[in-house]
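Novice: Protein sequence lines, in the order shown, are assigned to chains A and B.
Position in the first sequence (first residue = 1) + 771 = my numbering.
Position in the second sequence (first residue = 1) + 771 = my numbering.
Glycine residues also receive a C-beta, built at the ideal position from the N, C-alpha and C atoms.
Just so you know, these numbers come straight off a predicted model, no measurement behind them.
Protein chains: 2
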Amino acid sequence: MINLFDNISEKEMLKLKKILKSNSQIFKKNVNVLSNVNRDDFIALIEYGSIELIYTDYEGSKTVIEELSAGEVFGTLTSSIKNEEISCFTKEDTKITFIEYDQITNDDIIKTDFYIIFIKNLIKILTEQLNTRNIRIELLTKKTTRDKLLSYFKYIDKKTGGGSKTIKLPLSYTELASYLSVDRSAMTREITSLKNEGFIKTKGRKITLLY
Amino acid sequence: MINLFDNISEKEMLKLKKILKSNSQIFKKNVNVLSNVNRDDFIALIEYGSIELIYTDYEGSKTVIEELSAGEVFGTLTSSIKNEEISCFTKEDTKITFIEYDQITNDDIIKTDFYIIFIKNLIKILTEQLNTRNIRIELLTKKTTRDKLLSYFKYIDKKTGGGSKTIKLPLSYTELASYLSVDRSAMTREITSLKNEGFIKTKGRKITLLY
DNA sequence: AAATACTTGTTGCATTTGCAACACTTTACA
DNA sequence: TGTAAAGTGTTGCAAATGCAACAAGTATTT
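(1) Tell me where the beta strand (DSSP E) around residue 815 of chain B begins and ends.
(2) For residue 842 of chain B and residue 871 of chain B, what's the separation of their Cα atoms in angstroms?
(3) With a threshold of 7 angstroms on Cβ separation, who are the neighbours of residue 896 of chain B within its own chain once the five nearest residues in sequence on each side are excluded?
(4) Which chain A residues are close to residue 891 of chain B, counting only those with a beta carbon under 8 angstroms from its beta carbon?
(5) Mind checking residue 922 of chain B: buried by the 16 CB within 10 Å criterion, or exposed?
(6) Contact defined as beta carbons within less than 8 angstroms: I believe residue 847 of chain A pairs with residue 812 of chain A. What is the distance between those atoms, to the nearest angstrom?
(7) Counting contacts by CB-CB distance shorter than 8 angstroms, is residue 793 of chain A in contact with chain B?
(8) How is the alpha helix (DSSP H) around residue 794 of chain B delimited, first residue to last?
(9) Could you spell out where the beta strand (DSSP E) holding residue 896 of chain A opens and where it closes?
(10) For the stretch 897 to 910 of chain A, enumerate the residues whose C-beta is nearer than 7 angstroms to any C-beta of chain B, in chain order.
(11) Helix, strand or coil: which one does DSSP assign to residue 876 of chain A?
(12) For the beta strand (DSSP E) that contains residue 978 of chain B, what are its first and last residues?
(13) May I ask you to report which of helix, strand or coil DSSP gives residue 803 of chain A?
(14) Just checking my contact of residue 883 of chain A with residue 802 of chain A at CB under 8 angstroms: how many whole Å lie between their CB atoms?
(15) Check whether chain B comes within 8 angstroms of residue 894 of chain A, counting only Cβ atoms and requiring the distance to be less than that.
(16) For residue 836 of chain A, return the contacting residues in chain B, with the cut-off set at a CB-CB distance below 8 angstroms.
(17) Check each candidate in B/815, B/974 and B/917 and name the one with the smallest Cα separation from residue 955 of chain B.
(18) Short of 8 angstroms in beta carbon distance, which residues of its chain neighbour residue 973 of chain A, apart from the five on each side in sequence? Order them along the chain.
(19) Could you pull the DSSP bridge partners for residue 947 of chain B from this structure?
(20) What residue does the alpha helix (DSSP H) around residue 956 of chain B start on, and which one ends it?
(21) In whole angstroms, give me the CA-to-CA distance for residue 795 of chain B and residue 911 of chain B.
(22) Note down, in chain order, each residue of its chain lying with its Cβ closer than 7 angstroms to the Cβ of residue 782 of chain A, except the 5 sequence neighbours on either side.
(23) Within 10 angstroms of its Cβ, does residue 957 of chain B collect 16 or more other Cβ (buried), or is it exposed?
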């Protein structure tokens, strides 16, 4: 996973943050980060901690769009935060650096050596997020829970190198059900069937793929 | 919807394309655009015509990820095209301009006046695509076909200005079923129920929202 | 260390959904 | 223009899924 300041030294990074007129804030656990934030276009970088982006629809029902942790980025570029349909809650004590989007092309920064690196990092981050979304869409369009699970396991396997055939789930089963948008109990039922039919073996969150 | 060359004059655009060493190709209908394309990082701009991005999973089953038309952009930045799981077919005669990603930071272009405009356009495009994906994820995570439909209609209403209460579907019902990942006949059944229960009225692809 | 909050597995039952098959209409194109 | 292809509406039936409720296990917090 790429970081906004990859290939930029610590020293340059501090300089860059200053030129960008960035502003850092520390939030306690379970706090709505965007409640008093100016919703002009901005980029938010998680320095430490983690957050959840939550979408609330016209009926008031909520969906977790994404969970992000240290080093990751969110903001008006990656979610339609402006429309106030998206809220952002800390999952633990979290420090966030805010950068106004317009600043990324201010006169001072354009003159720096590392401007192009910074921009390329930003583009790369957006690209990675797009791929993340594409994969989730691909999983969500599967017709059955079984297909969702088998495809998800393959995806994790591939992402973590592939070949080993034993994967470790990066989420709890409860979170996985939510990610795949299936009822948790129905999902557990399906996992039990997959075990009985010899597709997988499980031990806690470790899953051995036999297909 | 933003275009890669928005706020850049025709003349500058031609200059820019030259500096970027871009390469244009015309494809007939129903052709696999990426079959002989170098899959290094690239940006593809649809000059005219339209295409479909199709994902093929490990089992060989296919999902349409996106349909794109004139002015829109795809490429390794917006989909994991490199892994060859994604193919791209023309839906009609289509002209595409390819730009190698590394060229967007070549020495000549950085010196031009419109470089920052170009980069901002590119970032904006990626951002819009992310929002498009977020919305689809939001719809796909709805538990019932009814919720998917009602939310989708609201979304189209909002996207096209809102308020009028009569929307025109931008896709066929068959395509909509695929987009929402539900069985077409089951979806039609649900639409019929929605009509009977007074949530909507329909006339072809025109739908009046009464909720 | 106890209390409280989350996670996981299980099951019966009602509901929703997908599937298959068909008729009819509309659109594309040779 | 006539034929093929694609889109739409409908229905019965089987299968998959969501829901509710509960028990037991793990983590967290104070």
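Specialist: Taking the coordinates as given:
(1) To locate residue 815 of chain B, count along the second sequence from 1; it is residue 44. Taken as a continuous stretch (DSSP letters only), the beta strand (DSSP E) holding residue 815 of chain B covers 813 to 819.
(2) Position 71 of the second sequence, counted from the start, is the residue given in the question as residue 842 of chain B. Position 100 of the second sequence, counted from the start, is the residue given in the question as residue 871 of chain B. Cα to Cα, residue 842 of chain B sits roughly 18 angstroms from residue 871 of chain B.
(3) Locating residue 896 of chain B in the second sequence gives position 125, where the first residue counts as 1. Counting only Cβ-Cβ distances below 7 angstroms, and skipping sequence neighbours, we find 773, 775 and 844.
(4) As a working mapping, residue 891 of chain B is identified with position 120 in the second sequence. Residues of chain A passing the Cβ test: 876.
(5) Residue mapping note: residue 922 of chain B aligns to position 151 of the second sequence, counting from 1. When all chains shown are included, residue 922 of chain B counts as buried.
(6) The residue labelled residue 847 of chain A in the question sits at position 76 within the first sequence. The residue labelled residue 812 of chain A in the question sits at position 41 within the first sequence. Indeed, because the Cβ distance is near 4 angstroms, the residues count as touching under 8 angstroms.
(7) Against the first sequence, residue 793 of chain A aligns to sequence position 22. By this cut-off, residue 793 of chain A is not an interface position.
(8) As a working mapping, residue 794 of chain B is identified with position 23 in the second sequence. It is not in any alpha helix (DSSP H) - residue 794 of chain B instead sits in the beta strand (DSSP E) that spans 794 to 798.
(9) For this step, residue 896 of chain A is matched to residue 125 along the first sequence. Residue 896 of chain A -> not in any beta strand (DSSP E); alpha helix (DSSP H) instead, spanning 886 to 911.
(10) 897, 898, 900, 901, 902, 904, 905, 907, 908 and 909
(11) Numbered from 1 along the first sequence, position 105 holds the residue referred to as residue 876 of chain A. It is helical.
(12) Within the second sequence, residue 978 of chain B is the residue found at index 207, counting from 1. Segment 977 to 980, the beta strand (DSSP E) holding residue 978 of chain B.
(13) In the first sequence, counting from the first residue as 1, residue 803 of chain A sits at position 32. It is a strand residue.
(14) In the first sequence, counting from the first residue as 1, residue 883 of chain A sits at position 112. In the first sequence, counting from the first residue as 1, residue 802 of chain A sits at position 31. With a Cβ gap of about 34 angstroms, residue 883 of chain A and residue 802 of chain A do not count as contacting.
(15) As a working mapping, residue 894 of chain A is identified with position 123 in the first sequence. Yes, residue 894 of chain A lies at the interface with chain B (some Cβ there is under 8 angstroms from its Cβ).
(16) Residue 836 of chain A sits at position 65 when you count from the first residue of the first sequence. The contacting residues are 905, 908 and 909.
(17) For the purposes of this step, residue 955 of chain B is taken as the residue at position 184 of the second sequence. The option with the nearest alpha carbon to residue 955 of chain B is B/917.
(18) For this step, residue 973 of chain A is matched to residue 202 along the first sequence. Contacts found: 962, 966 and 979.
(19) Sequence index remark: in the second sequence, residue 947 of chain B carries index 176 (1-based). Residue 947 of chain B is not bridged to any residue.
(20) One-based indexing of the second sequence puts residue 956 of chain B at position 185. Where residue 956 of chain B is concerned, the enclosing alpha helix (DSSP H) stretches over 955 to 967.
(21) As a first step, residue 795 of chain B must be located in the second sequence, where it is residue number 24. As a first step, residue 911 of chain B must be located in the second sequence, where it is residue number 140. Residue 795 of chain B and residue 911 of chain B: Cα-Cα distance of roughly 36 angstroms.
(22) Numbered from 1 along the first sequence, position 11 holds the residue referred to as residue 782 of chain A. So the list is empty, once near-sequence residues are dropped.
(23) The residue you call residue 957 of chain B lines up with position 186 of the second sequence. Exposed, by the Cβ-count rule.
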